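Reading through the structure tokens given below for one structure.
Residue numbers (my numbering): 3 to 209.
Below, the structure written as structure tokens:
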């Protein structure tokens with residue numbers, strides 16, 4: 003019996019050692035799995051950033067804060083005065099957009115809504131708001147017209163309906179900022195005059 007004791011001791015030692023190895027192996031596998039998951043997540047984020055850069059043709063630009071954009075909203079333009087404004091800078095998944103909004107009104111209670119958006123130059127965002135910037139449009143009927151044109155050298159899109167009348171003017175500035183003006187019982191000329199009061203050239207230089 004005494005002869006067998008060393009063998010029992012050796013067996014117990016080996017069993018304990020193998021159990022420890024198994025435990026360490028499980029921990030190592032869990033750690034490796036976590037590392038692999040983190041690597042795949044980082045890789046996916048890098049690919050997403052690269053895709054965004056390709057869409058915009060370069061490195062992402064930080065959008066101007068909406069409060070800075072609000073400074074371009076005219077307090078008064080012709081017979082119209084600024085009666086309300088709002089804005090936000092928000093984003094996700096590596097994309098941030100700033101928006102400033104204003105409401106202009108005259109003594110006859112005619113209202114023009116202004117929306118100024120800084121897309122940061124992200125191609126996907128620009129195309130979502132100004133798909134017309136890459137095409138030529140010129141159509142007209144008894145109800146009104148739609149056409150692409152330019153205002154002080156900036157590509158724009160005009161939409162006018164005689165019933166109302168309703169007018170809408172969209173302008174792309176520096177392939178980054180999108181300005182939209184719309185109103186009822188207003189003319190296209192009034193919208194263009196307000197757009198010019200925003201100082202588009204100064205906006206184009208804003209970074």
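Quick reminder that beta carbons are idealized off the backbone N, C-alpha and C, glycines included.
Predicted, not measured: the structure shown is a model, and the values here were computed from it.
Of the residues 163, 175 and 107, the one placed nearest residue 128, counting alpha carbons only: By one-based count along the chain shown, residue 128 stands at place 126. The residue with the shortest Cα to Cα distance from residue 128 is 175.
Bridge partners - residue 145, DSSP secondary structure assignment: Here residue 145 corresponds to residue number 143 of the chain shown, with the count starting at 1. In DSSP, residue 145 forms no bridge with anything.
Opening and closing residue of the beta strand (DSSP E) in which residue 196 lies: As a working note, residue 196 is residue 194 in the chain shown. Counting along the chain, residue 196 falls outside any beta strand (DSSP E), though it belongs to the alpha helix (DSSP H) covering 190 to 199.
Local Cβ density within 10 Å of residue 69, reported as buried at 16 or more and exposed below that: As a working note, residue 69 is residue 67 in the chain shown. With fewer than 16 other Cβ atoms within 10 Å, it is exposed.
Simplified DSSP state of residue 136, which is helix, strand or coil: For the purposes of this step, residue 136 is identified with residue 134 of the chain shown, where counting begins at 1. Correct three-state label for residue 136: helix.
Rounded Cβ spacing between residue 71 and residue 106 (contact assumed at less than 8 Å): Position 69 of the chain shown, counted from the first residue, corresponds to residue 71. Position 104 of the chain shown, counted from the first residue, corresponds to residue 106. Incorrect: roughly 16 Å between the Cβ atoms, too far for contact.
Cβ-based burial, residue 120 [other Cβ within 10 Å; buried from 16]: Looking up residue 120 in the chain shown gives position 118. Buried, since its Cβ has 16 or more Cβ neighbours within 10 Å.
Reference residue 149; option with closest CA among 134, 156 and 155: To locate residue 149, count along the chain shown from 1; it is residue 147. Of the listed residues, the one whose Cα sits closest to residue 149 is 134.
Inter-residue spacing [alpha-carbon to alpha-carbon] between residue 184 and residue 96: Working through the chain shown from its first residue, we reach residue 184 at position 182. Working through the chain shown from its first residue, we reach residue 96 at position 94. Going by the C-alpha atoms only, they are around 30 Å apart.
Spatial distance of residue 2 from residue 200 (CA atoms): The structure shown does not extend to residue 2, since the chain spans only 3 to 209, so no value can be given for it.
Cut-off 6 Å between Cβ atoms - residues of its own chain near residue 2, not counting five sequence neighbours on either side: With the chain covering 3 to 209 only, the question about residue 2 has no answer from this structure.
Sub-9 Å separation of residue 171 and residue 182 beta-carbons: Looking up residue 171 in the chain shown gives position 169. Looking up residue 182 in the chain shown gives position 180. For residue 171 and residue 182, yes; Cβs fall inside 9 Å.
Exposed unless 16 or more other CB atoms sit within 10 angstroms - verdict on residue 155: Taking the first residue of the chain shown as 1, we reach residue 155 at position 153. Classification for residue 155: exposed.
Within 9 Å, strictly: CB atoms of residue 64 and residue 98: Within the chain shown, the letter at position 62 stands for residue 64. Within the chain shown, the letter at position 96 stands for residue 98. Taking 9 Å as the Cβ cut-off, residue 64 and residue 98 qualify as a contacting pair.
Rounded distance between the beta-carbons of residue 116 and residue 130, thought under 8 Å: Indexing the chain shown from 1 puts residue 130 at position 128. Indexing the chain shown from 1 puts residue 116 at position 114. That belief does not hold up - the Cβ atoms of residue 130 and residue 116 are roughly 19 Å apart, past 8 Å.
Spatial distance of residue 83 from residue 110 (CA atoms): Start at 1 with the first residue of the chain shown, and residue 83 comes out as number 81. Start at 1 with the first residue of the chain shown, and residue 110 comes out as number 108. Spanning the two alpha carbons is a distance of roughly 12 Å.
Bounding residues of the alpha helix (DSSP H) (the contiguous stretch that carries residue 120): Start at 1 with the first residue of the chain shown, and residue 120 comes out as number 118. Looking at the DSSP string, residue 120 is not in any alpha helix (DSSP H); the run it does join, the beta strand (DSSP E), is 113 to 120.
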